[in-house]
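*Asks:* Take a look at the following structure, please.
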Amino acid sequence: MALPDDEEGTTVANGHPPANGYLPVPGDAPAGKVSAETQNGPKAGCLALNGVSRDSPKAPSGALDRPKTPLAPEEETQARLLPKDPGEQTPAVEGTLVPRTALSARRFLLLLIFSLYSMVNAFQWIQYSIISNVFEGFYNVSSLHIDWLSMVYMLAYVPLIFPATWLLDTRGLRLTALLGSGLNCLGAWIKCGSVQQHLFWVTMLGQCLCSVAQVFILGLPSHIASVWFGPKEVSTACATAVLGNQLGTAVGFLLPPVLVPNTQNNTQLLACNISTMFYGTSAVSTLLFILTVIAFKEKPQYPPSQAQAVLQDSPPGEYSYGKSIRNLFKNIPFVLLLITYGIMTGAFYSVSTLLNQIILTYYKGEEVNAGRIGLTLVLAGMVGSILCGLWLDYTKTYKHTTLTVYILSFVGMVIFTFTLNLGHIIIVFVTGGLLGFFMTGYLPLGFEFAVEITYPESEGTSSGLLNAAAQIFGILFTLAQGKLTSDYSPTGGNIFLCVWMFVGIILTALIKSDLKRHNINKGITNGDIKAVPVDSPTDEESKTILMSKQSESAI
Numbered sequence: 055m056a057l058p059d060d061e062e063g064t065t066v067a068n069g070h071p072p073a074n075g076y077l078p079v080p081g082d083a084p085a086g087k088v089s090a091e092t093q094n095g096p097k098a099g100c101l102a103l104n105g106v107s108r109d110s111p112k113a114p115s116g117a118l119d120r121p122k123t124p125l126a127p128e129e130e131t132q133a134r135l136l137p138k139d140p141g142e143q144t145p146a147v148e149g150t151l152v153p154r155t156a157l158s159a160r161r162f163l164l165l166l167i168f169s170l171y172s173m174v175n176a177f178q179w180i181q182y183s184i185i186s187n188v189f190e191g192f193y194n195v196s197s198l199h200i201d202w203l204s205m206v207y208m209l210a211y212v213p214l215i216f217p218a219t220w221l222l223d224t225r226g227l228r229l230t231a232l233l234g235s236g237l238n239c240l241g242a243w244i245k246c247g248s249v250q251q252h253l254f255w256v257t258m259l260g261q262c263l264c265s266v267a268q269v270f271i272l273g274l275p276s277h278i279a280s281v282w283f284g285p286k287e288v289s290t291a292c293a294t295a296v297l298g299n300q301l302g303t304a305v306g307f308l309l310p311p312v313l314v315p316n317t318q319n320n321t322q323l324l325a326c327n328i329s330t331m332f333y334g335t336s337a338v339s340t341l342l343f344i345l346t347v348i349a350f351k352e353k354p355q356y357p358p359s360q361a362q363a364v365l366q367d368s369p370p371g372e373y374s375y376g377k378s379i380r381n382l383f384k385n386i387p388f389v390l391l392l393i394t395y396g397i398m399t400g401a402f403y404s405v406s407t408l409l410n411q412i413i414l415t416y417y418k419g420e421e422v423n424a425g426r427i428g429l430t431l432v433l434a435g436m437v438g439s440i441l442c443g444l445w446l447d448y449t450k451t452y453k454h455t456t457l458t459v460y461i462l463s464f465v466g467m468v469i470f471t472f473t474l475n476l477g478h479i480i481i482v483f484v485t486g487g488l489l490g491f492f493m494t495g496y497l498p499l500g501f502e503f504a505v506e507i508t509y510p511e512s513e514g515t516s517s518g519l520l521n522a523a524a525q526i527f528g529i530l531f532t533l534a535q536g537k538l539t540s541d542y543s544p545t546g547g548n549i550f551l552c553v554w555m556f557v558g559i560i561l562t563a564l565i566k567s568d569l570k571r572h573n574i575n576k577g578i579t580n581g582d583i584k585a586v587p588v589d590s591p592t593d594e595e596s597k598t599i600l601m602s603k604q605s606e607s608a609i
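Its first residue numbered 55, the sequence shown is counted upward by one per residue in the working numbering.
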C-alpha cells in the first residue's frame, strides 16, 4: 500500500490529493530542479516546476497557471507511458509507487494450447507441398496448382490482416483465439470430403479456411507474451509461441511422406492414405478447439509487468486503431524492420514451399528424404528460436542479435545453394540444418524487436503488419524462385533469394534501436524515475512527464 504523505516527504494542499503518477525524483537530480524535504533527515525531493517545487509553500500560484510549454516529441511519448490512476499500488523501492503486478500460473496453459493449434495450422500449410508430385498425380493438376495450396495462406493474410488486428485490439484475445482455432478445425473437416480425384476444388476450399484461420494465429505470439508473461520471460515466451508454428511445419515435412507414400499405380490405396492423414488432422484440431473454448481468458487478474500496467491504466477511449496504424508507418525503424522481416520470412516460406522440387531435381525418388531435410531445417530453427529468446531475455541486445542472425542466415543460404549439386544428400541435411537454425530462429527476434521499438502501440498490430509483409514477399519469392527453378535450375532460384537477403542485411543495419518497452520496465522497477506534474491536481487534463536516465541518454 502507498506510504502516508508525511512519510513520503511531501505536503498536500487541503482538499487536493496528490497528482496521479506523481513520483519522487532521485536525489542526484540537477541543482535548481529539486526541492528537498528535511523531515527525519534529507530525502529525495520532487522535481520542480519552472525551478520551484510544486509542493513548496513559497511557490507562487501563478507558476501553476502559466501557459504550458509544448512537450518535445520524445517527452510526449514518455508522458503517455505513466498511469493516470494509481489503482492498487505497492512500494517497489523507497519513496516510489508502482502498480501491483503478478504472474498467473494459467499463462503456461494458454501458451501450450496456442502453440499446439498453431502447430496444426502450420502442418496443414505444408502438407501438400512436401509431397507435391503425389498430389499432382492424384488430382491430375499442375505443380502450380499445388503451389497455390501453400501460397493461398500468404494470399489470404494480406487483405485480412487489418480486420484481424482490429478485432484483436478491440474485441480481445479470447475471441481472436477462438476464431483461429475454430476455422482451423472447420477447414480440416472440409478436406476430409475432398478425397476423390475430381474434388480438387473442395480441398482448396478447406485450405482457404485454414489460411483465414492463420490470420488469427500468426499475430498472437507477441500479444500473448506481453499480456501474460513478465519482463524477464517475455522474449522466451514469444519464441516458444512461434516455436509451435515451426513445429507444425516440421511435422508437415515429416509425416505426409510417411503417411502418403508415392503409390500412383494404386489410386485406391493412395486415396485411403490421404483420407487417414486428413481425418487424423481433423480429430486433433477438434480437441484443441474444445480446449481453447475452456481455457482461454482475455488477460490475467493483475498485469505481469509495469509496461502492461501502464497500458491497462490508459482510458479505453484514447485508443484509435487507425491512429495506431499511422503511428507505425511514421516510425522509420519499424518500416525498415517491416521490409527486412518480410524478406527473411518470405525467403523461408519460398524455400519451404519449393523444397520438394529443389531436392528432387538433384536426387530423384528421394521424397522421404526431402521431407526429412525439411524436418531438419525446422527442428534446427526451433532450437535457434529458443536460444535467441533466452539470449534476448538475458541481454536485451535486440538490434545486435537481429543483425547477427540475419548475416548468418545469408551465409547459410549461400552454403546451401552451392552444395546442393555435390551428389551427397548428407551434405544437404547439414547445410539445411545450418540454414534453418538461423533463418527460422530469426522469426521471434523480429516480433520482439518490433514490440520494443513501437511501444506502446499494440503488439498484435505490429506483429500483424510484419506477417503481412512476410506473406507478400513469400508470394513474390515463391513465384519468382519457382519460375527460375523450373526454367533454369534450383541454383538460379536460390541465388535470387541470396541477393534479397543481402539487401535485408543493409536495411537491418540502418534500424535505430530504441527499446521503449524495456526502458519503461527498467526505469520503474529500478525506481530511476523523474516526474513533473504539469497541471494542478484538479485539472482533468493533468499530464506527467516520465523520464529515466537511460531514456535521457538515448534521446
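Glycine included, each C-beta is placed from N, C-alpha and C at the ideal position.
1. Using the three-state DSSP reduction, which class does GLU420 fall into: helix, strand or coil?
2. Can you give the beta carbon distance from ILE559 to PHE464, rounded, assuming they're within the 8 Å contact cut?
3. List the whole-angstrom C-beta distance separating LEU403 from ALA524, where the pair is believed to meet the contact cut-off of C-beta under 8 Å.
4. Alpha carbon to alpha carbon, how far is HIS454 from ASP201? Give it in angstroms, no decimals.
5. State the DSSP-derived secondary structure class of PRO503, mapped to helix, strand or coil.
6. Could you tell me how far apart the beta carbons of SER169 and PHE343 are, in whole angstroms, since I believe they sit closer than 8 Å?
7. Can you list, in chain order, the residues of its chain whose CB lies under 6 Å from that of GLY298, leaving out five sequence neighbours each side?
8. For LEU198, does the count of other Cβ atoms within 10 angstroms reach 16, so buried, or fall short, so exposed?
9. Measuring CB to CB, does TRP243 end up less than 8 Å from SER336?
10. What are the start and end residues of the alpha helix (DSSP H) that includes CYS239?
11. Taking just the CA atoms, how far does TYR460 sit from TYR496?
12. Just to check, is the beta-carbon of PHE216 closer than 7 Å to a non-hydrogen atom of the ligand FMN?
13. Please classify SER265 as buried or exposed, where buried requires at least 16 neighbouring CB atoms within 10 angstroms.
14. Helix or strand or just coil, what does DSSP make of HIS199?
15. What does the alpha-carbon distance come out to for the pair VAL249 and ALA325?
16. Are three or more beta carbon pairs between the region 471 to 478 and the region 377 to 388 nearer than 8 Å?
17. Hey, how far is the Cα of TYR193 from the Cα of TYR452?
18. Taking the C-alpha atoms as reference points, what is the distance between GLY116 and LEU446?
19. Which of helix, strand or coil does DSSP assign to LEU533?
20. Can the beta-carbon of ILE185 be found closer than 8 Å to that of GLU421?
21. Out of THR399, PHE388, VAL296 and ILE180, which has the shortest C-alpha to C-alpha gap to GLY528?
22. With 16 as the cutoff for other CB atoms within 10 Å, does ILE413 come out buried or exposed?
23. Report buried or exposed for VAL557, applying the criterion of at least 16 other Cβ atoms within 10 angstroms of its Cβ.
24. Sorted by chain position, which residues of the same chain lie with C-beta nearer than 7 Å to ASN320's C-beta, five sequence neighbours on each side aside?
25. Can you name the start and end residues of the alpha helix (DSSP H) that GLY546 belongs to?
26. Measure the CB-CB distance between LEU214 and VAL288 and report whether it falls below 8 Å.
27. Just how far apart, CA to CA, sit THR458 and LYS384?
28. Measuring alpha carbon to alpha carbon, tell me which residue in ILE167, THR317 and THR449 is nearest LYS286.
29. Does the beta-carbon of GLY273 have 16 or more other beta-carbons within 10 angstroms, so that it is buried, or is it exposed?
30. I'd like the list of long-range same chain contacts for SER280, defined as Cβ closer than 7 Å, with 5 residues on each side in sequence excluded.
31. So, are the CB atoms of VAL296 and PHE501 less than 8 Å apart?
32. Less than 8 Å between the CB atoms is what I'm expecting for SER339 and ASN238, so what's the real figure, rounded?
33. Please name the residue, chosen from TYR207, LEU209, GLN181 and PHE254, that lies closest to VAL195 on a Cα-to-Cα basis.
34. Kindly list the residues whose CB is nearer than 6 Å to the CB of TYR207, restricted to its own chain and excluding five residues on each side of it in sequence; keep chain order.
35. Can the beta-carbon of TYR356 be found less than 8 Å from the beta-carbon of ARG154?
*Replies:* Per the coordinate set shown:
1. On the sequence shown, residue 420 is found 366 positions in, with the first residue counted as 1. Assignment of GLU420 by DSSP, reduced to helix, strand and coil, places it in the coil class.
2. Along the sequence shown, read from residue 1 onward, the residue named residue 559 stands at position 505. Along the sequence shown, read from residue 1 onward, the residue named residue 464 stands at position 410. Confirmed, Cβ separation roughly 6 Å.
3. Numbered from 1 along the sequence shown, position 349 holds the residue referred to as residue 403. Numbered from 1 along the sequence shown, position 470 holds the residue referred to as residue 524. Looking at the sequence provided, one finds Tyr at residue 403 rather than Leu. A Cβ-Cβ distance of about 7 Å is found for the pair TYR403 and ALA524, placing them in contact under the 8 Å criterion.
4. Locating residue 201 in the sequence shown gives position 147, where the first residue counts as 1. Locating residue 454 in the sequence shown gives position 400, where the first residue counts as 1. Roughly 36 Å between the two C-alpha positions.
5. As a working mapping, residue 503 is identified with position 449 in the sequence shown. As written in the sequence, residue 503 is Phe, which differs from the Pro given in the question. Residue state, collapsed to three classes: helix.
6. Your numbering for residue 169 matches position 115 in the sequence shown. Your numbering for residue 343 matches position 289 in the sequence shown. SER169 to PHE343, Cβ: 15 Å. No contact.
7. As a working mapping, residue 298 is identified with position 244 in the sequence shown. Counting only Cβ-Cβ distances below 6 Å, and skipping sequence neighbours, we find SER169, SER172 and MET173.
8. For the purposes of this step, residue 198 is taken as residue 144 along the sequence shown, with counting starting at 1. With fewer than 16 Cβ atoms within 10 Å of its Cβ, LEU198 is classed as exposed.
9. Here the question's residue 243 lines up with position 189 in the sequence shown. Here the question's residue 336 lines up with position 282 in the sequence shown. Yes.
10. Taking the sequence shown and counting its residues from 1, one reaches residue 239 at position 185. If you look at CYS239, you'll find it in the alpha helix (DSSP H) that goes 227 to 245.
11. Translated into positions along the sequence shown, residue 496 becomes position 442. Translated into positions along the sequence shown, residue 460 becomes position 406. Each residue's alpha carbon lies about 7 Å from the other.
12. No copy of the ligand FMN occurs in the structure displayed, which carries no ligand at all.
13. The sequence position of residue 265 within the sequence shown is 211, counting from 1. By the Cβ-count criterion, SER265 is buried, with 16 or more other Cβ atoms from all chains shown falling within 10 Å of its own Cβ.
14. Your numbering for residue 199 matches position 145 in the sequence shown. HIS199 carries a helical assignment under DSSP once its states are collapsed to helix, strand and coil.
15. In the sequence shown, the residue the question calls residue 249 occupies position 195. In the sequence shown, the residue the question calls residue 325 occupies position 271. For VAL249 and ALA325, the distance between alpha carbons rounds to 6 Å.
16. Cβ pair count under 8 Å is below three, so no.
17. As a working mapping, residue 193 is identified with position 139 in the sequence shown. As a working mapping, residue 452 is identified with position 398 in the sequence shown. Each residue's alpha carbon lies about 47 Å from the other.
18. Looking up residue 116 in the sequence shown gives position 62. Looking up residue 446 in the sequence shown gives position 392. Legend: pLDDT at GLY116 = 43, less than 50; position of this residue unreliable, value from coordinates given subsequently. About 49 Å.
19. Counting from one through the sequence shown, the residue named residue 533 turns up at place 479. Three-state result, LEU533: helix.
20. Sequence index remark: in the sequence shown, residue 185 carries index 131 (1-based). Sequence index remark: in the sequence shown, residue 421 carries index 367 (1-based). For ILE185 and GLU421, yes; Cβs fall inside 8 Å.
21. On the sequence shown, position 474 is the one that residue 528 refers to. Taking each of THR399, PHE388, VAL296 and ILE180 in turn and checking the Cα distance to GLY528, the smallest one comes out for THR399.
22. The sequence position of residue 413 within the sequence shown is 359, counting from 1. By the 16-neighbour rule on beta-carbons within 10 angstroms, ILE413 is buried.
23. In the sequence shown, the residue the question calls residue 557 occupies position 503. With fewer than 16 neighbouring CB atoms inside 10 Å of its own CB, VAL557 falls in the exposed class.
24. Within the sequence shown, the letter at position 266 stands for residue 320. None.
25. Stepping through the sequence shown from its first residue, residue 546 is reached at position 492. Judged by DSSP secondary structure, GLY546 falls within the alpha helix (DSSP H) whose first and last residues are 544 to 563.
26. The sequence position of residue 214 within the sequence shown is 160, counting from 1. The sequence position of residue 288 within the sequence shown is 234, counting from 1. Contact: no.
27. Numbered from 1 along the sequence shown, position 404 holds the residue referred to as residue 458. Numbered from 1 along the sequence shown, position 330 holds the residue referred to as residue 384. Their Cα atoms are separated by approximately 26 Å.
28. In the sequence shown, residue 286 corresponds to position 232, counting from 1. Nearest option by C-alpha distance: THR449.
29. As a working note, residue 273 is residue 219 in the sequence shown. By the neighbour-count rule (16 or more Cβ atoms within 10 Å), GLY273 is buried.
30. Residue mapping note: residue 280 aligns to position 226 of the sequence shown, counting from 1. Excluding residues within five positions, the ones whose Cβ falls inside 7 Å are VAL288, GLN362, VAL505 and GLU513.
31. Sequence index remark: in the sequence shown, residue 296 carries index 242 (1-based). Sequence index remark: in the sequence shown, residue 501 carries index 447 (1-based). Closer than 8 Å, so yes.
32. In the sequence shown, residue 339 corresponds to position 285, counting from 1. In the sequence shown, residue 238 corresponds to position 184, counting from 1. Contact annotation, SER339 with ASN238: C-beta distance approximately 6 Å; criterion of less than 8 Å satisfied.
33. Taking the sequence shown and counting its residues from 1, the one referred to as residue 195 is at position 141. Between VAL195 and the set TYR207, LEU209, GLN181 and PHE254, the nearest pair of CA atoms involves PHE254.
34. Here residue 207 refers to the residue found at position 153 when the sequence shown is read from its first residue. Take TYR207, set aside five residues on each side of it, and the residues of its chain with a beta-carbon closer than 6 Å to its own are TRP179, SER265 and GLN268, in chain order.
35. Along the sequence shown, one-based indexing puts residue 356 at 302. Along the sequence shown, one-based indexing puts residue 154 at 100. Yes; because the gap between Cβ atoms is below 8 Å, this pair is in contact.
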